[in-house]
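For reference, the structure is listed below as structure tokens.
Chains as they are written, first to last, in the numbering used here: chain C, 1 to 143; chain W, 1 to 717; chain F, 1 to 279.
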């Protein structure tokens, strides 16, 4: 890892994790969002050296076709995915939120999502999907 | 039954697992990187290019210029007038001059700075006024790209009969598509020596034709595929990276990748036409519209792109979704040295809707008629004559959309100061205007007993892949596990036309249905519905006939008159009503959107959740258009100053659907992609007027402009 | 693409200060949200000194009735810290508006001040609290008021060997405090105007008023003329109106008439009427 390498490039180029997208490279669009210690950060403005010893999560962490995370299922069934370019970032923000707030209101979800831009969906189905996953996770753990 | 259900999109799984491969995700280690050197001047002759320092840098393979283009160095959606690479003259800041091909992106971009271009400036034309008045033109052809006129009845008589006449000038701004994925693509020579390009695009056959023409190759020697595409909205219809990629592969015979930075995308991409709209409407005191006169002037930049299409659509829709006996509308598109204006969701109609809906509300106030009643009174319906004197024979659900919104409208109550409500209606012709715009689709019965749907219809996120499959499944009554989608490959599909003009569900959908009907007849004949498996049918039939079933559909619109625009420009139209509630904070000019109600006549809701998604996205885009988006040529470089709505800017949206079936559409469906956006800004601006008594004539109505308008209102009283 | 540089992660303040003195062309990086953007646009530095591993540089602590905020405190920390919320609510509020949730997890208060954009949201609340900055180098420690520290747009008194290590503010007990900002969209937007205020009221009169306005002047602006005028006066619309005129006049005298004032000054006037007039 080079000193001047950005986390976005490290993930995409060295680790072939292409789910982390580049939309503007100036921290103004949010699609490069990853979780560092479960908090959303812009990987395009994070030096790779910064994450030494820290936990970095990308969307692959949530699940894959064999076993999807409830957020991934909800995003699919609620129409939260249109072009899909902001989807990994939105999923990670949703995951991070639900760790801190098990039953977020629509307004709280809106606030959490305000750092990732979406041009396709108008955000409504994304908010609905996160609420849907929250409900599912709550009832799953309640059992 | 698949039609009418909220089926999950077939591409959703790959997208939620992060596996979906967008163009730049396809980059491999071995790929070269190509990037473009762009003009820094709006209008100049290139007197010298010194690339010696650049060529000396290790890792640079080639620098390509116009002289490296073997075929025609020109492309264009309608008229072929835009050079791939500038040939001695540049006409807008950002115009491509050279393509640098290097070992990797770092070297390629670094090298751009080492190329010295010398310019001799030519006076530049940076406004339509300058274009109209200047003796020097951007183009040899003159100052005007196009002029289209619509004439119906006698507007002078119409105004004479009017009791109230509203007349104003409205101005709208440059808008960028701002898709989240910038333009990108990969290209390589395949084992047959064909040039293969896979890119983020809204069309494939069109691009193949342009590439072939540029390289003087037969089309079969070029293959274009659509990669997973991160949004288009009209900005990926023109050739973006494809020509440069193909040229690089042509010369270097190696795989190449290309992607635009966001700054590059802002700089180079086509834009929504800013329009100057002089608009006059006459009303009788009972509310009937007697006449509409509209003079629209657009800045189309230096090249045609889709300027003629917008020029054609605007007069046709200028009078709005209303029965108007007398209409005179003209649209002029001027060449300038501003950015190239082209296709952007709605092709001029969101701008025009802002004008006609504002006029209606002003008239409603003067006439003492409720804005919803005024719209209901004049609304187009079955049997109405449009502004082109077309008789709407079916699927004209505007009144139903008004009725769906009506209970909310009648119940509205203004809360505290600054609270207001506004309506906006629209209609929009589905498909290209008055010209042939067919789609092909074909079905193949394969040896393994599957049915392959081959379609060139590009899915840009709206869900056409899924909807076309729904249409197919219900037509042929086969279980989904037997059906395979082959989409977006010129090698295996026929032209479906572009994903634009809200046309794919209606036109490709019909083509798919037609192919399906043929296949169903064949399957019926061969006993499939009585239990014979597909693989057996294949085995028995494969030697007697090719097992392909072609579908084709071209909306039977007979076209419009060149001088008067009278005739049948489209076979079917979308109709919609939006109602918006705002809360304006007068101290700051901030306009908060509280809620939107949106009702759309979609003919038939093939997948309600996807339609819902389109409408919500359209509302968000409309809020951006009304309140915050403002692309300033040669200044806007990033999202830092180009604001699109965040999740905090978009309110709860209540979506209602009307199904007034379109007889020529698949299962009665029409289109919604652009209708979703078109009435929103209009509705919002009307809400602002209701909230604070201020008429807005210029977009965006951002908080600074609104505050200034509020101050002026204070001064008057 | 970023130019080549070395990056270091000192584990203590002493180590960081040694880096800043001894290395060639060093610059401090905390969140990186301003610095890396500038570097992507061409600015270059040979050595980036990452101070985010240094625990003593982040967090808020109480010392001698002052609150000391570590320079590497993220805005997320600042907006959620119970002490800051209790003693400087205008600062906590301002912090909650900066950038986006991601930016707030990354960007730091020290970085915001050293970048010194005239639109920096932390400036006005800090002025209201008489913020004093501690600047340290290997051999020296100095303190400077925030007002003196920021010399102009994007210009401060800091030298390459110095680290802005902490910010000290005075809590204003019993004051009514607030913060308002105005921007072109509901989230993630640069402030076009911001106002921070704290008022001590006694039986309907202003005992003490502190007022700072951001994004209006090239250097941080604390409306001292207005503050002096209001001291001892009754809180009522007429008084507020006069105070507002004084404020606008002072701003005009500092910067002259600017194109943006056609919008900003009426907004400021209306916001101040509401804040000062008790409306």
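The C-beta atom is built at its ideal place from N, Cα and C for all residues, glycine as well. Keep in mind that this is a model prediction, so the values were computed, not measured.
Got a sec: is the Cβ-Cβ distance from residue i to anything in chain C below 9 Å?
i                      : result
residue 155 of chain F : no
residue 271 of chain W : no
residue 57 of chain F  : no
residue 248 of chain F : no
residue 9 of chain W   : yes
Assign residue i to one of two classes, buried (16 or more other C-beta atoms within 10 Å of its C-beta) or exposed (fewer than that).
i                      : result
residue 10 of chain C  : buried
residue 356 of chain W : buried
residue 147 of chain W : exposed
residue 175 of chain F : buried
residue 644 of chain W : buried
residue 127 of chain C : buried
residue 142 of chain W : exposed
residue 540 of chain W : exposed
residue 53 of chain C  : exposed
residue 578 of chain W : buried
residue 254 of chain F : exposed
residue 52 of chain W  : exposed
residue 217 of chain C : In the structure as shown, chain C starts at 1 and stops at 143, and residue 217 of chain C therefore has no counterpart that could be examined.
residue 671 of chain W : buried
residue 262 of chain F : exposed
residue 231 of chain F : exposed
residue 272 of chain W : buried
residue 393 of chain W : exposed
Hey, is residue i's beta-carbon within less than 9 Å of any beta-carbon in chain F?
i                      : result
residue 182 of chain W : no
residue 400 of chain W : no
residue 69 of chain C  : no
residue 55 of chain C  : no
residue 50 of chain C  : yes
Thinking residue i and residue j are a contact (beta carbons under 8 Å), I'd like their distance in whole angstroms, please.
i                      : j                      : result
residue 259 of chain F : residue 177 of chain F : Actually they do not touch by this definition, with Cβ atoms about 32 Å apart.
residue 37 of chain F  : residue 27 of chain C  : 7 Å
residue 619 of chain W : residue 81 of chain C  : No, residue 619 of chain W and residue 81 of chain C are not in contact; Cβ-Cβ is about 18 Å, not under 8 Å.
residue 658 of chain W : residue 401 of chain W : 5 Å
Flag residue i as yes if its beta-carbon sits less than 9 Å from any beta-carbon of chain W, otherwise no.
i                      : result
residue 260 of chain F : yes
residue 33 of chain C  : no
residue 76 of chain C  : yes
residue 276 of chain F : no
residue 113 of chain C : yes
residue 88 of chain C  : yes
Opposite residue i in the DSSP bridges: which residues?
i                      : result
residue 63 of chain F  : F:66
residue 256 of chain W : W:32, W:187
residue 48 of chain W  : W:118
residue 182 of chain F : F:193
residue 486 of chain W : W:454
residue 222 of chain W : W:195
residue 441 of chain W : W:455, W:551
residue 174 of chain W : W:631
residue 55 of chain W  : Paired residue(s): none; residue 55 of chain W is not in a bridge.
residue 72 of chain C  : Answer is none; residue 72 of chain C lacks a bridge partner.
Proximal residues, the region 575-595 of chain W versus chain F, C-beta separation under 8 Å: 586, 587, 588, 589, 590, 592
Chain-ordered residues of the region 167-192 of chain F with a beta carbon less than 9 Å from chain W: 180, 182, 183, 184, 185, 186, 187, 188, 189, 190, 192
Near-chain C residues of the region 341-370 of chain W (beta-carbon distance less than 9 Å), N- to C-terminal order: none
Interface positions of the region 628-654 of chain W facing chain F (Cβ-Cβ less than 7 Å), listed along the chain: 628, 643, 645, 646, 648, 649
Interfacial residues, the region 146-164 of chain W to chain F, with Cβ spacing under 9 Å: none
Against chain C: residues of the region 17-31 of chain F by CB proximity under 9 Å: 29, 31
Near-chain F residues of the region 687-717 of chain W (beta-carbon distance less than 7 Å), N- to C-terminal order: 702, 703, 704, 707, 708, 711
Cβ-based contacts, 9 Å cut-off: residues of the region 1-23 of chain C near chain F: 2, 3, 4, 5, 6
Residues, ordered as in the chain, of the region 98-126 of chain F that lie near chain C by beta-carbon distance below 8 Å: 99, 100, 101, 102, 103, 105, 106
Residues within the region 90-101 of chain C neighbouring chain W, beta-carbon criterion of under 7 Å: 91
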